[in-house]
Structure formats: C-alpha cells, structure tokens
Amino acid sequence: MKSKISVIMASLMIAIFIVSVPTTFAQEKDAKKEKKIQKQRKKFEHNKTKAVKEMYKAYPTSKAEMGKSYGYAAFANTGVNLFVLASGNGGGKAHNNVTGEEVYVKMISLGAGIGIGFKKYYAVFLFSNQSAYDNFLINGWSADTQADATADTGKEGEGGSVAVGMTVSEGVTLYQIADKGLAVQATVQGTKFVVSEELNAK
Numbered sequence: 001m002k003s004k005i006s007v008i009m010a011s012l013m014i015a016i017f018i019v020s021v022p023t024t025f026a027q028e029k030d031a032k033k034e035k036k037i038q039k040q041r042k043k044f045e046h047n048k049t050k051a052v053k054e055m056y057k058a059y060p061t062s063k064a065e066m067g068k069s070y071g072y073a074a075f076a077n078t079g080v081n082l083f084v085l086a087s088g089n090g091g092g093k094a095h096n097n098v099t100g101e102e103v104y105v106k107m108i109s110l111g112a113g114i115g116i117g118f119k120k121y122y123a124v125f126l127f128s129n130q131s132a133y134d135n136f137l138i139n140g141w142s143a144d145t146q147a148d149a150t151a152d153t154g155k156e157g158e159g160g161s162v163a164v165g166m167t168v169s170e171g172v173t174l175y176q177i178a179d180k181g182l183a184v185q186a187t188v189q190g191t192k193f194v195v196s197e198e199l200n201a202k
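Numbering (this note's numbering), first residue to last: 1 to 202.
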C-alpha cells in the first residue's frame, strides 16, 4: 500500500514539475521583455529631452516657435552608423502641448540617408495645429521622397545658411542637429517615424 502511495506521490510531483517549468520560463521571458521595454522607454524619454535641448542651442529662435506650437515630436539617434537602429536607440516621443499627452515614436531606417556620417543626430518636429500633429501620429512621416538634400555643417553665424527650421509639410517644421550642436540643413532621406505600439501599450 505504501509503495502504491509513493508511486502516486511521485507521479503527482512529476506532473507538477512538468506544468510549472513552462510557466516559470514564460514568466522569466515576460519579465525580460518588460525590462527591455522599460529600458527603451527611458531611452526614448532621454532622447526627447536631449533633442529639444540641442534644438534650442542650435536654433535660438526655435524656443519662441515651440511656445506657439500645438505640439512637437523630438528624436535622437547616436552611433558610428547613424541609421543602424538595431540597438533600438533611434526614437523619441511626441508631446501634445495642449493636453500634455505623450506618445513613444520610433525611427525606422528605410535606406542610407545623407546624415549617415554623423555620430549624433537630433530631429525635432514642431506642429502648428492639431491636424498636423494628429496626422503625424496616425500616418507617421517619411522623408524618403525628399531629394537633393544638402548639409550645412557650419555653426550659425560662421558662414553658410542661417539656422532655421525647414517646412516639410503643411503645419510642420523640422529642426535638425548633428554632432556637437551643428545645424544641419538636410533632409533625413530613408527614414520613417512611426508610433510604437509596443512601447505605448499599458
């Protein structure tokens, strides 16, 4: 009788082990995924803050424009190869100046852009109205159709073009900065900005 009970108990223990092991692995996988998401959210938040700061330094008049805007979207990407986004660092956040709502947005490489040689790159979009802001979040924005972009790597006031924002579509002005606050008069060819469903999930 005892032998039979022992066999039953052993069978139960094995069954519990078989059931619990996949559960444990799933929990560990979920925990790692959540940790990665939190890390990327923190990085994108930093990117947004840093990009706005760099914009103010490179484009002094942008601060007044920011104050008048409905919202903005600020991004950063750093590395030897600017648009190699495997690290997940290419991105930032869109901020609604009216409601205070923020949305995580990714930068996706569609091909080599003119800024490929820059080690640090920042971009800030200012939206003059709700329609332009909402359209950016719903449809994203891509510069792959822009052509003949040229870069001005001279500091403002030291020759070259004046550091001003570029009107890239109705109600949208783009400010770009690369390497040590240098103003870049260039289009980010081959790059698309899209809302990240994963990072915005509650």
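Built from N, CA and C at the ideal position, the CB exists for glycine as well.
Minimum C-alpha distance to residue i - residue among the options
{"i": "Met166", "options": "Lys35, Glu65, Lys36, Asn47", "result": "Glu65"}
{"i": "Val168", "options": "Met13, Phe125, Thr191", "result": "Phe125"}
{"i": "Glu197", "options": "His46, Leu137, Phe127", "result": "Leu137"}
{"i": "Lys54", "options": "Tyr133, Phe127, Asn96, Lys120", "result": "Before going further, note that residue 54 is Glu rather than Lys in the sequence given. If we check each option's Cα against that of Glu54, Lys120 comes out closest."}
{"i": "Lys57", "options": "Gln176, Lys192, Leu199", "result": "Gln176"}
{"i": "Gln40", "options": "Tyr59, Asn77, Pro60", "result": "Asn77"}
{"i": "Lys48", "options": "Ser131, Gly90, Val98, Ala132", "result": "Gly90"}
Expected contact under 8 Å - CB spacing of residue i and residue j to nearest Å
{"i": "Ala51", "j": "Ala31", "result": "No, Ala51 and Ala31 are not in contact; Cβ-Cβ is about 31 Å, not under 8 Å."}
{"i": "Ala94", "j": "Val105", "result": "5 Å"}
{"i": "Asn96", "j": "Tyr59", "result": "The pair is not a contact, with the Cβ atoms about 21 Å apart (cut-off 8 Å)."}
Residue i versus residue j - alpha carbon distance
{"i": "Gly100", "j": "Gly71", "result": "9 Å"}
{"i": "Asn139", "j": "Val194", "result": "7 Å"}
{"i": "Thr173", "j": "Ser69", "result": "10 Å"}
{"i": "Met107", "j": "Met13", "result": "50 Å"}
{"i": "Ser142", "j": "Ala201", "result": "23 Å"}
{"i": "His46", "j": "Gly92", "result": "8 Å"}
{"i": "Asn129", "j": "Glu102", "result": "16 Å"}
{"i": "Asn135", "j": "Lys192", "result": "14 Å"}
{"i": "Lys42", "j": "Glu170", "result": "31 Å"}
{"i": "Leu199", "j": "Ala178", "result": "26 Å"}
{"i": "Lys36", "j": "Lys29", "result": "11 Å"}
{"i": "Gln27", "j": "Val98", "result": "39 Å"}
{"i": "Phe127", "j": "Gly67", "result": "11 Å"}
{"i": "Lys33", "j": "Thr61", "result": "41 Å"}
{"i": "Ser131", "j": "Gln38", "result": "30 Å"}
{"i": "Phe44", "j": "Lys63", "result": "21 Å"}
Simplified DSSP assignment, three categories, for residue i
{"i": "Val103", "result": "strand"}
{"i": "Asn139", "result": "helix"}
{"i": "Lys29", "result": "helix"}
{"i": "Lys42", "result": "helix"}
{"i": "Thr49", "result": "helix"}
{"i": "Lys202", "result": "coil"}
{"i": "Tyr56", "result": "helix"}
{"i": "Gly157", "result": "Note that Gly157 has pLDDT 36, beneath the 50 cutoff, so the model's placement of it is unreliable and the number below is only indicative. Coil, per DSSP."}
{"i": "Met66", "result": "helix"}
{"i": "Gly88", "result": "Residue placement at Gly88 cannot be trusted, given a pLDDT of 44 that sits under 50; the coordinates are not used to answer."}
{"i": "Ala147", "result": "Confidence at Ala147 is low in this model, with a pLDDT of 34, below 50, so the placement of that residue should be treated as unreliable; the coordinate-derived value is given next. Reduced to three states, the DSSP call for Ala147 is coil."}
Beta bridge counterpart(s) of residue i as assigned by DSSP
{"i": "His95", "result": "Tyr72, Glu102"}
{"i": "Lys192", "result": "Ile108, Ser142"}
{"i": "Phe127", "result": "Gly71, Val172"}
{"i": "Thr167", "result": "Thr173"}
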